[in-house]
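J.: What follows is a single structure, and I will ask about it in a moment.
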Amino acid sequence: MTRYVVQRLLSLLPVLLGVTLLVFLVMQLAPGDPARIMLGAHANEESVTQLRRDLGLDQPWYVQFARWLGGVLRGDWGRSIQLKREVLPYIAGRFQNSAYLMLLAIFMACGMGVPAGILSAVRQYSPGDRIAMVLVLIGFSTPVFWLGIILQIVFGLWFGILPVSGIQTPGQAGTLDLLLHMVLPSLALATAPMAIIARMTRSSMLEVIRQDYMRTAHAKGLAERVMIGRHALRNSLIPVVTIIGLQVGYLLGGDILVELVFSYPGIGLAMVTGILARDFPLVQGAILMVAASYVVVNLVTDLAYAYIDPRIRYGE
Amino acid sequence: MVLRQKLFSVMMLAGLCLALGGVPAVRPALAQAPQDGGTIVVGLQAEPATLDPPQLSDYNTARAVYNMYDGLLKFKDESTEVQPGLAESWEISTDGLVYTLHLRQGVKFHDGTPFNAEAVKFNLERQFDVNHPYHNTGDFAYADFTWGSVKQVDVVDDHTVKITLKNVLAPFISHLAMHPAFMVSPEAIKKYGRDISTHPVGTGPYRFVSWTPGAEVVEEQNPDYWGTPAHVDKLIFRPIIEDQARLTELQAGGINFMVNIPPDDLAGLKSDPRFTVVEQTGMHTWWVYLNTMKEPLKDVRVRQALSYAVNKKAIVDNILKETGVLAINPMPPVVWSYTDQVERYDYNPEKAKQLLAEAGYPNGFPCVFWTPESGSGMQMPVLMSTAIQADLKLVGVDCQIKTFEWGAFLEQGVVPPDKKPEWDLMAFSWIGDNGDPDNHLYILLSGDQWPPNGFNCGYYKNDQVDELLRQGRTTLDRAKRTEIYQQAQKLIVQDAPWILVDHETQIVVMDQHIKNFKLHPTGPFRFADVWIEQ
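Protein chains in written order, with my numbering: chain L, 1 to 316; chain A, 317 to 850.
This is how it looks when you write it as structure tokens:
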């Protein structure tokens, strides 16, 4: 098991190298000069050339990439061109904010999606099942940014019970304040995964409850709660866990939109502003961090299978 | 003199009231004295990039920075005329090359170190002298623009500094009021190095408290300010990127001061008693460059025809909805020497067709029209360009619109003539920096300011205009300069090198209890005299 984990972690390296190289090349190919964008329309060509030299942007791309990579390996992720600060502490802080948001979103998605799926399966074709599945369809089809704006208007403006945007109330920063600020964005982010998880749980559960051993359990006179909770749920969870793992990838994408709508200072927002400013060091750093986290989440998902299904064993 | 003016105003007001058939009720607000205390929470469009003034190059940053600093000179309220700042008085030598500044005494930076002539020399040289030991503590976007003509800075005594120029530059006096002339504590720069960007230390009415990245910049009133201390206790600047979210925050009370109102929401906010809307036409112009190097736009009749063909007023009324005013001159009305005595190109498709026929294009011609998707000062570029495209189509000019992301647009659209840009028409905008006519006319329309030198992107050239613009920047006498620039404006508009559309109105919406706020044409928010009704 340990060997498997180490192997998987080592395989991270080529993936990350590939991802960063790809992103670097894409950023190079995209038109737009960071020095010009940063100095604005009013700077003359000479200052732009000077800045390009200062930033090392006049070097061939492979020299720039090698320098950046060398720096990263030494723990120096460079300085953001646009924000004039060290990249690593900046994006680490941003990443932490996003991680909180995504954790809460995943928690909400599972917390509502799994029970909804189970209830729908157990009471298949009941009015409850139908209503739940219609809601799921709506949840899955709603664009995340639109939902975000609606949530802001309803809970922030009409009811006035939750903060509309940002991450802290001026002068009242604290854990509770942070949690309150996370409710609406994570709800917006959680809606689509919640819908998918509910559907997946339902279909997987339906399949399991028709198995022979379930009929046997029923014949033995087991209470429905025990049957579903102990026998069916665990067996139906494998595909659900896979989906949850995959949803983390979706969350990273949806996160960008949600952070934009809610001005939530996470890694997604940092990437968007970084890309618009052609801020190579910032974008590279952010992508590296996001890619690494995605690979790690996949690994955790794989390990979770082994926990849920004793038949799955790694590295033996 | 002042008293007489006041008396006259009172009499005029009284006369007006009588004429309208009544006497106004005395409103308590008028009688109120400023109150101290409270917090202003400003919703910005983006996070400030830096809090070091010489490094800033955008409005959001300028707004977060402004109140923590003082410039050597200061723009007067609601005008771009200069008045004393950290320099109490100044003299300009008769040859226009030496500026002697007499500095205010007893001023201290927020870190307690004294402000003096050495500090001025340090601040200026840090920006333009590449060999200065602290030059590498920042990237100075405006160094060349502001200090490019400075030969040397000399300390005469502790409170006198002498700036010598390489060549006469009339607008230089305005540069002393711009953000690169905001004084930063030299000791703080030595202490923080590049991190001065996040540790601002100035002399202004507010001082820095904290900056939580992505969340807020907090500033508090400086009780030791050399001038009258500010009334409001705290300023908080919050980046809220989406216009709609910013508006919802304002309505929900998360902020009490916001910029960039979506045009569709303006009318609603104006009629909402909870808020006050403050407007001022800024130093902005939005226009379409015509590539004067290409056929058929070489022909002045064709260019004039295009100006007649576009219904500019409809764009201002229906798309911008009171967030801009119709432009008839490349220079915004707020800049001195502006004249409306120029050729007018009011919407007239018949005249456009006639001019096109005279020029040999009775059936119009095809063309390529570049426009960015968004960008600094570009308002609603795609919508506006589409309206222009539709108008031009009516006179037979068939434009193909190509849209670009802002960074790509600047790189590929703003190019020297030998690169032969693909576009015939290109949407653009400009926000003036120093309130001098030179900053609009010379850099955008002089024949020696084709890219990469400047932003005469349509390669317009008129020798007579060039000569006037050269004279304008080397003549010190204001009256003579006014005459020169007015003549230049007439000639330029006659040549119709651009399709002029609008000057954007700066608009802020704030809580109705915030009093005495005035917008400044240069864009930053001045909170020193603002107070909140408790």
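Each residue gets a CB set at the ideal place from its N, CA and C atoms; glycine is no exception.
1) Exposed or buried, which one is Gln765 of chain A when buried takes at least 16 other CB atoms within 10 Å?
2) If you scan the stretch 97-126 of chain L from start to end, which runs of the beta strand (DSSP E) of 3 or more residues do you find wholly inside it?
3) Would you give the residue range spanned by the alpha helix (DSSP H) that Phe444 of chain A belongs to?
4) Interface residues of chain A around Met38 of chain L at Cβ under 9 Å?
5) To which residues of the same chain is Ala35 of chain L closer than 7 Å at the C-beta, ignoring the five residues directly before and after it?
6) So, for His231 of chain L: in the same chain, excluding its five sequence neighbours on each side, which residues have a beta-carbon less than 6 Å away from its beta-carbon?
7) When burial is assigned at 16 or more other CB atoms within 10 Å of the CB, is Ile800 of chain A buried or exposed?
8) Along the stretch 491-523 of chain A, where does the CB come closer than 9 Å to a CB of chain L? Name the residues.
9) Any beta-carbon of chain L closer than 8 Å to the one on Glu849 of chain A?
10) Between which two residues does the beta strand (DSSP E) holding Leu582 of chain A run?
11) Looking at chain L, which residues of the stretch 697-730 of chain A have a Cβ within less than 9 Å of any of its Cβ atoms?
12) Check for me: the alpha helix (DSSP H) holding Asp752 of chain A runs from which residue to which?
13) Relative to chain L, which residues along the stretch 521-552 of chain A have a C-beta separation below 9 Å, given in chain order?
14) Tell me whether Leu776 of chain A sits in a helix, a strand or coil according to DSSP, three-state version.
15) State the DSSP-derived secondary structure class of Gly337 of chain A, mapped to helix, strand or coil.
16) Considering Cα atoms alone, identify which of A:Asn383, A:Thr798 and A:Pro678 is closest to Lys667 of chain A.
17) Which residues, in chain order, does the stretch 150-179 of chain L contribute to contact with chain A at a C-beta distance below 7 Å?
18) Taking only the alpha-carbon atoms, compute the straight-line gap between Tyr450 of chain A and Tyr661 of chain A and give it to the nearest angstrom.
19) Would you mind reading off the limits of the beta strand (DSSP E) that contains Gln822 of chain A?
20) Can a CB atom of chain L be found closer than 8 Å to the CB of Glu674 of chain A?
21) Buried or exposed: where does Glu565 of chain A fall if 16 or more other Cβ atoms within 10 Å of its Cβ makes it buried?
22) Return yes when the Cβ of Ser80 of chain L is within less than 8 Å of the Cβ of Pro265 of chain L, no when it is not.
23) Roughly how many angstroms separate the alpha carbons of Tyr775 of chain A and Gln59 of chain L, rounded to a whole number?
24) Under the DSSP definition of a beta bridge, which residues are partnered with His515 of chain A?
25) Name the chain A residues that come within less than 7 Å of Gln64 of chain L, Cβ to Cβ?
26) Strictly under 8 Å for the Cβ-Cβ distance: is Ile557 of chain A near chain L by that measure?
27) Could you name the residues of chain L that Glu565 of chain A contacts, counting a contact when the two beta carbons are closer than 7 Å?
28) Take the Cβ of Asn645 of chain A as the centre, count every other Cβ of all protein chains shown within 10 Å, and call the residue buried at 16 or more, exposed below.
29) Assign Lys628 of chain A to one of three DSSP states: helix, strand, or coil.
30) Kindly list, in the order they appear in chain A, the residues whose Cβ is closer than 7 Å to that of Pro143 of chain L.
31) For Gln716 of chain A, report the span of its beta strand (DSSP E) as first-last.
32) Could you tell me which chain L residues have their CB closer than 9 Å to the CB of Val357 of chain A, listed as they occur along the chain?
33) I'd like to check one pair, Val398 of chain A with Ala493 of chain A: are the Cβ atoms closer than 8 Å?
34) With a Cβ-Cβ cutoff of 8 Å, do Ser513 of chain A and Arg85 of chain L count as a contact?
35) Mark Glu674 of chain A as exposed unless 16 or more other C-beta atoms lie within 10 angstroms of its C-beta, in which case mark it buried.
36) Using a C-beta cutoff of 8 Å, does Asp302 of chain L count as contacting chain A?
T.: This is what the structure gives:
1) buried
2) none
3) Ala433 to Phe444
4) Ala365, Ser373, Asp455 and Ala457
5) Val48, Leu51, Arg52, Leu55 and Leu57
6) Ala217
7) buried
8) Arg510, Asp511, Ser513 and Thr514
9) no
10) Where Leu582 of chain A is concerned, there is no enclosing beta strand (DSSP E), although the alpha helix (DSSP H) it sits in stretches over Pro579 to Lys586.
11) Phe720, Glu721, Trp722, Gly723, Ala724, Phe725, Leu726, Glu727, Gln728 and Val730
12) Note, Asp752 of chain A: premise wrong, no alpha helix (DSSP H); not H, not E.
13) Thr528, Pro529, Gly530, Ala531, Glu532, Val534, Lys550 and Ile552
14) Residue 776 of chain A is actually Tyr in this sequence, not Leu. Tyr776 of chain A falls in the coil class under three-state DSSP.
15) Below a pLDDT of 50, predicted positions are generally treated as unreliable, and Gly337 of chain A, at 40, falls in that range; the measurement from the model is reported next regardless. Three-state result, Gly337 of chain A: coil.
16) A:Pro678
17) Gln152, Ile153, Gly156, Leu157, Gly160, Pro163, Val164, Ser165, Gly166, Ile167, Gln168 and Pro170
18) 52 Å
19) Trp814 to Asp827
20) no
21) buried
22) no
23) 31 Å
24) Paired residue(s): none; His515 of chain A is not in a bridge.
25) Per Cβ cutoff of 7 Å: no residues; Gln64 of chain L is ~18 Å from chain A at best.
26) yes
27) Val164 and Ser165
28) buried
29) helix
30) Those within 7 Å of Pro143 of chain L in chain A number zero; the least Cβ separation is about 14 Å.
31) Asp714 to Phe720
32) Pro170
33) yes
34) yes
35) exposed
36) no
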